[in-house]
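Numbering (the numbering used here), first residue to last: 54 to 386.
Where is the CB? At the ideal position from N, CA and C, for every residue including glycine.
Note that the coordinates shown come from a computational prediction; the quantities given were computed from them, not determined experimentally.
What follows is a set of notes on a single structure, which appears directly below.
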């Protein structure tokens, strides 16, 4: 995972507006002529429309950038917060292409390593949140590019519930579809992060800002550790193993029929892949449901958990006979 200062100086802000605010048409002759055939081929493979967002690094970071791969996460920082979450696409070294994207100022330094972004989600995450996740001092300001590896990278990805498309492709939950893989447990950190705004209308799973605060608030009320599991159909929101049994929960930011119907279909899709057979399924929402939506969940033996007040949630359980009837379908392989 990269932590990338991107909006501190006037130069970096210029770069941001040039290649992060918008997609850059790398297939146009003015830029394509700076790319090698292999670089152009790799870019076209991940970005078939011929355009992508780009960021880069100076030669001083060559050693760190040699470790970066497609699907890694980049956090773009500035103004004392994470301003955006990105998923890295193609990484390559090309000073001429970098200079074409970000012309160096007189006496300034060129960038050399360039990487495209498969996804890019504007964010508003204070440094304090990121510092807690990686056990840095609360007032750390991230003055330079930072490469996070191992447990620290995992803590941020799970703490912010980031789901790169590359991971979903590897699981078979997104195209291209590889061979099925077994379900895998992953830790879900109990950290509170503020909401972020999506820049584009197209659906993205990289960082689901609407559900994030609700999930973290709910998990903070639990006596057991909340996790997630990976499966060929994706990554669930909440997975619980505790004295009351095994539960799979899907969260939604709204209570409209479309939200509830989507959550129901997702939790039913995840349930058969639960690492242990699920005893309960539930949908987590920010407010009580109307009778029509509640009946929809209960028809399939799924509970509703809704927020009552800050840190307070209420479960409206499905009838026991409905749950018993549906459980054999949840646990079917």
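When secondary structure is reduced to three states using DSSP, residue 120 falls in the coil class, being assigned neither helix nor strand. For residue 140, the number of other beta carbons within 10 angstroms of its own is at least 16, and it is reported as buried. Taking a 10 Å sphere around the C-beta of residue 364, we find fewer than 16 other C-beta atoms and assign the residue as exposed.
If you compare the alpha carbons of 184, 86, 59 with that of residue 127, the shortest gap goes to 59. Here the alpha carbons of residue 265 and residue 113 stand approximately 35 Å from one another. Residues 200 of the same chain have their beta carbon placed closer than 6 Å to that of residue 117, with the five preceding and five following residues left out of the count. Cβ neighbours of residue 291 within its own chain (closer than 6 Å, five residues either side excluded): 279, 302.
Within the same chain, and ignoring the five residues on either side of residue 322 in sequence, the residues whose Cβ sits closer than 7 Å to its Cβ are 286. 332 is the residue among 183, 358, 332, 340 whose C-alpha sits nearest the C-alpha of residue 383. Around residue 165, the same chain offers 109, 110, 111, 112, 115, 146, 147, 148, 151 as residues with beta carbons nearer than 8 Å, after the five sequence neighbours per side are excluded. For residue 133, the closest alpha carbon among the candidates 344, 283, 195, 159 is that of 195. Between the alpha carbons of residue 95 and residue 167 lies a gap of roughly 13 Å.
When rounded, the separation of the alpha-carbon atoms in residue 377 and residue 341 is 24 Å. Proximity to residue 281 across 307, 356, 274, 328 peaks at 328, based on C-alpha coordinates. Counting of Cβ neighbours within 10 angstroms places residue 197 among the exposed residues, the total staying below 16. When rounded, the separation of the alpha-carbon atoms in residue 356 and residue 336 is 6 Å. Secondary structure remark: continuous alpha helix (DSSP H) runs of at least 4 residues inside the region 261–289, in chain order: 265–272. Partner residues in the beta bridge of residue 362, as assigned by DSSP, are 365. Cβ atoms of residue 55 and residue 125 come within 8 Å of each other, at about 7 Å.
In the DSSP assignment, residue 313 falls within the unbroken alpha helix (DSSP H) covering 310–323.
Judged by DSSP secondary structure, residue 128 falls within the beta strand (DSSP E) whose first and last residues are 126–131. Restricting attention to 176, 175, 204, 177, the CA atom closest to the CA of residue 188 is found in 204. In this structure, residue 277 and residue 294 form a Cβ contact; the two beta carbons are roughly 7 Å apart against a cut-off of 8 Å. At a Cβ-Cβ threshold of 8 Å, residue 213 and residue 260 count as neighbours. Note that the C-beta distance between residue 320 and residue 349 is not below 8 Å. Here residue 219 has 123, 124, 140, 171 as same chain residues with Cβ atoms under 8 Å from its own Cβ, once five neighbours each way along the sequence are excluded. DSSP places residue 108 inside the beta strand (DSSP E), whose first and last residues are 106–110. Under DSSP, the beta-bridge partners assigned to residue 168 are 108, 144.
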